[in-house]
Amino acid sequence: MDLHGRTVVLTGATGGIGQLLCAGLVEAGARVVAVGRDASRLAALVDGMAPGAVIAVAADIGSEAGRQLLLQRVALLPAPPSVLIIGHASASFGLFTDQSEAALAQLMQTNLIGSLLLIRSLLPLLEQQPSARVAVVGSTFGSLAFPGFAAYSASKFGLRGLVEALGREYAGSNVSFQHLSPRATRTAFNSAAVDAMNAELGVTHDTAEQVAAALLRALRTDTRRVQLGWPERLFARLNGLLPELVDRSLRKQLPIVKRHAIAGHRAAASSSSVDTHKDTSHEAHAG
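Per this note's numbering, residue 88 is the first one in the sequence shown, and the count goes up by one each step.
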């Protein structure tokens, strides 16, 4: 897909990967509707781009009000969007029963339900364009569920299934669908507990620059399914064919995962007790 002259809606635009994606899209000649929840970070993003290249929309895609605000702004654009990139996410690391019902519901609302409903709302507009694209930035955990990330993995599995089903439902139409899966990436998205666990497990990281460049290449080449990294690509395939092999491999890592998950939970609880008025519900969001 040639991105020059296209209007692109990018959610999660203020995240570590999102900012680089936004810059790459602008460099390719696109106009970007940059969506994030922090107005000040969006303003800084706009200031770093060519005048008029980026339109900032401060909105929470996990809420109906946020989605409606974005749709209202999109309706006023001089050139309608032909590309939607779902790049936002909420993270959650910890043992499943240590996480509150409210936190789990919020994660699913942000990662899966909000994304699903935004795609549904924009599809009629995308269908009116000569060619259009929906690209969802998923995760390796959307193919390879990992202990300590049960709810996060569930949300990413759901997104992958949504993209796969829609790609088949819209086969032969002017709208195509892509699922792009980064592996561990060095950004502020990861908590200190996740970074410590990854270091002990020897997890290989990509830089945000590497991931953004790979995603932009996939957009240009229309690669429908992209899994970044090796051996992550192999393990994702093995998990689909022989999940028992992956079960045995991850079981060896489980004590390390549990130790860091418990430490992260205790650190969060201690921080919350120091300042009972602090709202931590948004801290794990990408954008």
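All C-beta atoms in this analysis are idealised placements derived from N, C-alpha and C, irrespective of residue type, glycine included.
These figures come from a predicted structure and were not determined experimentally.
For this session: Could you tell me which residues DSSP puts in a beta bridge with PHE264?
Result: VAL221.
Exercise. From PRO217 to THR272, what distance separates their C-alpha atoms?
Worked result: In a straight line, the C-alpha of PRO217 is about 35 Å away from that of THR272.
Exercise. Fully enclosed by the stretch 175-226, which beta strand (DSSP E) runs are 3 residues long or longer?
Worked result: For the stretch 175-226, whole beta strand (DSSP E) runs of length 3 or above, ordered along the chain, are 219-224.
For this session: Please report the residue range of the alpha helix (DSSP H) in which ILE104 lies.
Result: Per DSSP, ILE104 belongs to the alpha helix (DSSP H) from 103-114.
Exercise. Is the number of C-beta pairs between the stretch 340-355 and the stretch 263-280 that are closer than 8 Å three or more?
Worked result: These segments touch.
Problem set entry | Neighbour-count burial assignment, GLU319, 16 or more Cβ in a 10 Å radius | Per the 10 Å Cβ criterion, buried.
For this session: Just confirm the distance between the C-beta atoms of SER226 and LEU199, as a whole number of angstroms; I'd bet it's less than 8 Å.
Result: About 12 Å separates the two Cβ atoms, so there is no contact after all.
For this session: Leaving out five residues on either side along the sequence, give the residues of the same chain with a beta carbon under 6 Å from the beta carbon of LEU213.
Result: Here LEU213 has ALA219 and VAL262 as same chain residues with Cβ atoms under 6 Å from its own Cβ, once five neighbours each way along the sequence are excluded.
For this session: Round the Cβ separation of ARG160 and VAL144 to the nearest angstrom and send it over; I've been treating them as touching at under 8 Å.
Result: Here ARG160 really is in contact with VAL144; their C-beta atoms are around 5 Å apart, less than 8 Å.
For this session: Kindly indicate the opening and closing residues of the alpha helix (DSSP H) around THR308.
Result: Counting along the chain, the unbroken alpha helix (DSSP H) around THR308 starts and ends at 295-308.
For this session: With a 10 Å radius around its C-beta and 16 neighbouring C-beta atoms as the bar for buried, classify ALA130 as buried or exposed.
Result: Counting the other CB atoms within 10 Å of its CB gives ALA130 a total below 16, which places it among the exposed residues.
For this session: Report back the beta-carbon spacing between ALA299 and LEU97 to the nearest angstrom; my notes put them in contact at under 8 Å.
Result: Contact doesn't hold; Cβ gap of about 11 Å is too wide.
Exercise. What residues in its chain sit with their C-beta under 7 Å from that of LEU325, if we drop five residues either side in the sequence?
Worked result: Within the same chain, Cβ atoms closer than 7 Å to the Cβ of LEU325 are found at LEU332 and VAL333, the five residues on either side in sequence being excluded.
Exercise. Under the rule that 16 or more other beta-carbon atoms within 10 Å means buried, what is ALA176, buried or exposed?
Worked result: With at least 16 other beta carbons inside 10 angstroms of its own, ALA176 counts as buried.
Exercise. Given 8 Å as the limit, is there contact between the stretch 106-122 and the stretch 303-312, that is, 3 or more CB pairs closer than that?
Worked result: Yes: the two stretches touch, three or more of their Cβ pairs being nearer than 8 Å.
Exercise. To the nearest angstrom, how far is it from the Cα of GLN265 to the Cα of THR310?
Worked result: Taking the straight line from one Cα to the other gives about 7 Å.
Problem set entry | C-beta contact flag for THR412 and LEU132 at 8 Å | The displayed coordinates of the chain run from 88 to 374. Any statement about residue 412 would go beyond what the structure contains.
Exercise. Does the beta-carbon of ALA40 have 16 or more other beta-carbons within 10 angstroms, so that it is buried, or is it exposed?
Worked result: Past the boundaries of the shown model lies residue 40; the chain is included only from 88 to 374, so the question cannot be answered.
Exercise. With burial defined as no fewer than 16 other Cβ atoms inside 10 Å of the residue's Cβ, what is the status of ALA152: buried or exposed?
Worked result: ALA152 comes out exposed.
Problem set entry | Start-to-end residues for the alpha helix (DSSP H) that takes in ARG128 | Per DSSP, the unbroken alpha helix (DSSP H) holding ARG128 starts and ends at 126-134.
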